[in-house]
Amino acid sequence: LYHTGKEWSPPSGPEAQHHLKELCEVFDHPITPIPFTMVDVIHFKMVKVNNASEDKEDTDKEMVEANKLVVSPVTIWIRVFSESTSAMAAHNIAQDILALLKDYQITNINVDFHKSFYMCKADPQLLKPISVKNPLIDIVSLLTPTLGLHISTEARPNTQGTIALYLARGGGSEKLLGLSCHHIFIRSKEANNDYVYHSSAPCKNVLLLSNRDITDLVNSIKINIRGYSTVVKNYRKDIKGFEEREKGTNATDVREAKVAQIKIQVLLDSVEKKIDALTVLCNQLNNNWNRLQNCVLGHILCFPPISVSVSEQHLMEDWGVFKINQAKLSDGFQGNKIDLRTKLTPDQFKEKCFIPGDTNWEFTYPKDHLLPLMGIIPDNILCTSNMWDLDGEPCLLVIKNGNATSTTIGHANDVFSIVCKYFTDMSIDQTSMEWVIINYDSKSEVFLEPGNSGSVIADIHGHISEMLTGGSGRMLSSDMIYATLFWWLLEHIKLNRFSNMHLSIVTYASQHP
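End of the sequence shown = 501 in the numbering used here, gap-free, step of one.
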């Protein structure tokens, strides 16, 4: 919409292409200590494109210059609804911002106005977490009690969200509670009111999975079964061919056919076991999980109204607590653990968590692929980089496991953003400070898609940092992800009827060593 800084013109010509850019977090800059003056504060950097040079006479110096990493000045990124702001208004606001920063002796800052919108990202017994060698590993993760569990409500069975954490009620109570976002639990047109459960009133039930989750899971299993069935047909055809060769007179060929047949038979047996396991799981889903009453995980105990600019930190309050039916979790419940399985192999995951130059620490990928969460990142070190990325820049790596994207890695920013939430009553204060996460890079999976609201975010050491509340961008996936600080959130939950709440969860394993 509008930007300051160098004049920019779109590329021209028959083969013109836009330069790809990545968002980068901001650390160690004079702008970071200034409170409550920012919207989104980021860097851009050019994405390296591995195109082979067609000019063989390029000098080494030219190649070095062409491959230099180009990083923009720090940019204040202001995102507005389409058509809601004119270029002239954006220009005037940008000049005011630059004048304000000049008072702090901060120059070489860009201000960009970008068309976008903020949106909340709301989508029988559970199974035990299983080994990565299990044929059902990619299917049953939705049905295990690790963090990232998909939830919905009876009032909104088609709206998906994510459970953030399991919490102990404390105070002598053995009740297990779940935490997620308020906006998952109510309809978009429902009044934004305080809610407290009363035993004399009907329960507001929280469901495992949504209607779409169950449908998608069943369809996924059927597709897998069809694919494996084709493989079985091909293996059986191969075995018949080997049996015919074994009837021949060439001793060498007969011997080779027997060896090959044994190998194919092992593969055939393995695939048939996968089909049997998938068929059993599909029947369980159709018979047990396709009824709402069988999907009830618990019922809502409390959620305050969604509020913005709360307390001296000016944060958003968007949370709800529900009681969990512990029998639903089965003996596979292991407490607050994040399943690290992604499309990445363990070695690829470790490579993304590599700290150049630090020989004293190495990320240890858990054998059971479950990362335990232990402790909360305190406020005084939350916005402090604890490592460097592969380009040698300071960063704070964080992970989450959410409904829509499974486990993803992102970069936390050192500067809070101001987020505007729109209410029907325009007299309500609409802005809040939120912590910002950006995607790991342009080649990795996006950190957030609709359905991830409520996901807990932690650093790669397993320290809890915040709860995901929403994101912004022009596509379904987001380029800026917003979250509420967990230390602050836990304090406010304790002030609201749960004074003894804590994270020390009693699991089945701790009761049955």
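The beta carbon of each residue, even a glycine, is placed where N, CA and C say it ideally should be.
For Ala156, the enclosing beta strand (DSSP E) stretches over residues Leu153 to Gly158. In the structure shown, Pro334 falls within a helical segment according to DSSP collapsed to helix, strand and coil. Note that the C-beta distance between Arg224 and Leu256 is below 9 angstroms. Within the DSSP bridge table, the entry for His102 names Arg67 as partners. Fewer than three Cβ pairs drawn from the region 273 to 283 and the region 449 to 463 lie within less than 8 angstroms of each other, which leaves the two stretches out of contact.
For Ala471, the number of other beta carbons within 10 angstroms of its own is at least 16, and it is reported as buried. Note that the region 198 to 216 does not touch the region 475 to 493; fewer than 3 beta-carbon pairs, one per stretch, sit closer than 8 angstroms. Residue nearest to Ile263 within the set Glu(-5), Val220, Leu483 and Pro61 is Val220 (criterion: CA-CA distance). Secondary structure of Ser299 (DSSP, three-state): coil. For the 9 angstroms CB-CB criterion, Ile312 and Lys163 form a contact. In the DSSP assignment, Tyr183 forms a beta bridge with Phe291. Straight-line measurement puts the Cα of Ile252 at about 16 angstroms from the Cα of Asp241. Annotation for Leu89: no beta strand (DSSP E) segment contains it, though the alpha helix (DSSP H) segment containing it runs Ala75 to Asp91. If you draw a straight line from the Cα of Thr333 to the Cα of Arg485, it comes to about 43 angstroms. The DSSP-derived three-state label of Asn427 is strand. Annotation: Val403 to Asp16 spans about 10 angstroms, alpha carbon to alpha carbon.
Here the alpha carbon of Tyr353 sits roughly 14 angstroms from the alpha carbon of Asp447. Going by beta carbons, Ser405 and Glu422 fall inside the 9 angstroms limit.
In the DSSP assignment, Val403 falls outside any beta strand (DSSP E), carrying neither H nor E.
By the beta-carbon neighbour count (other beta carbons within 10 angstroms, threshold 16), Asp100 is buried. Contact between Arg200 and Asn146 holds: their C-beta atoms lie close to 6 angstroms from each other, under 8 angstroms.
Taking all protein chains shown into account, Pro292 has 16 or more neighbouring C-beta atoms within 10 Å of its C-beta and is therefore buried.
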